[in-house]
Amino acid sequence: MNERKRTQTAETVRCHLWVRGIVQGVGFRMFAERAARRLGLAGLVRNLPDGRVEIVVEGPKVMLEAFIADVNRGPMGAVIRDVQAEWEPPAGLQGFQIH
1 MNERKRTQTA
11 ETVRCHLWVR
21 GIVQGVGFRM
31 FAERAARRLG
41 LAGLVRNLPD
51 GRVEIVVEGP
61 KVMLEAFIAD
71 VNRGPMGAVI
81 RDVQAEWEPP
91 AGLQGFQIH
């Protein structure tokens, strides 16, 4: 693999997700945290007052794509109706937190 290709593959990106459905009270935030840590991603997850879950995650794009696939499945007990994703410039987040 040439150096340019390697740099593009490992480039840090950021994705802001909003997950709608039965996603509160089913362990979704802990599920997201475990998936993010397993993939080496940084960010945060929190419940929103309107019943959605919000996730901000940063890392290599290929890992974010794997994370988004996990989010679309969700934990047992969750019913994912919609996942909205917006790609944003990374902000240099460290670690992964549940709010």
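Residue numbers (the UniProt record's numbering): 1 to 99. We treat Cβ as the ideally placed atom computed from N, Cα and C, and that holds for glycine. All values derive from a computational prediction rather than experimental measurement.
Query - Sequence-distant residues of its chain with Cβ nearer than 8 Å to Ile68 (five each side left out) - result: Working through the sequence shown from its first residue, we reach residue 68 at position 68. Hits under 8 Å: Cys15, Leu17, Val83, Ala85.
**Report entry** Secondary structure of Ala85, DSSP reduced to three states
**Finding:** Working through the sequence shown from its first residue, we reach residue 85 at position 85. Look at Ala85 here: in three-state DSSP terms it is strand.
Requested in this report: Compute the distance between the beta-carbons of Arg29 and Arg52, then report whether it is under 7 Å.
Outcome: As a first step, residue 29 is located in the sequence shown; it is residue number 29 there, counting from the start. As a first step, residue 52 is located in the sequence shown; it is residue number 52 there, counting from the start. In this structure, Arg52 does not lie closer than 7 Å to Arg29 by Cβ.
Report task. Compute the Euclidean distance between the alpha carbons of Val57 and Gly77, then round it to the nearest angstrom. Result -> For the purposes of this step, residue 57 is taken as residue 57 along the sequence shown, with counting starting at 1. For the purposes of this step, residue 77 is taken as residue 77 along the sequence shown, with counting starting at 1. Val57 and Gly77 have their C-alpha atoms roughly 23 Å apart.
Report task. Write down the C-beta distance between Gly95 and Ala42 rounded to the nearest angstrom, noting that I regard them as a contact closer than 8 Å. Result -> Your numbering for residue 95 matches position 95 in the sequence shown. Your numbering for residue 42 matches position 42 in the sequence shown. The C-beta distance from Gly95 to Ala42 rounds to 6 Å, short enough to meet the 8 Å contact threshold.
Query raised in the report: Based on Cα-Cα distance, which residue from Val45, Ala66, Val71 lies nearest to Leu93?
Result: What you label residue 93 is simply residue 93 of the sequence shown in a count that begins at 1. Considering only Val45, Ala66, Val71, the residue with the shortest C-alpha distance to Leu93 is Val45.
Report task. Give every residue of the same chain whose Cβ lies closer than 8 Å to the Cβ of residue 174, excluding the five residues on either side of it in the sequence, and list them in chain order. Result -> Since the displayed the chain opens at 1 and closes at 99, residue 174 lies outside it and no answer follows.
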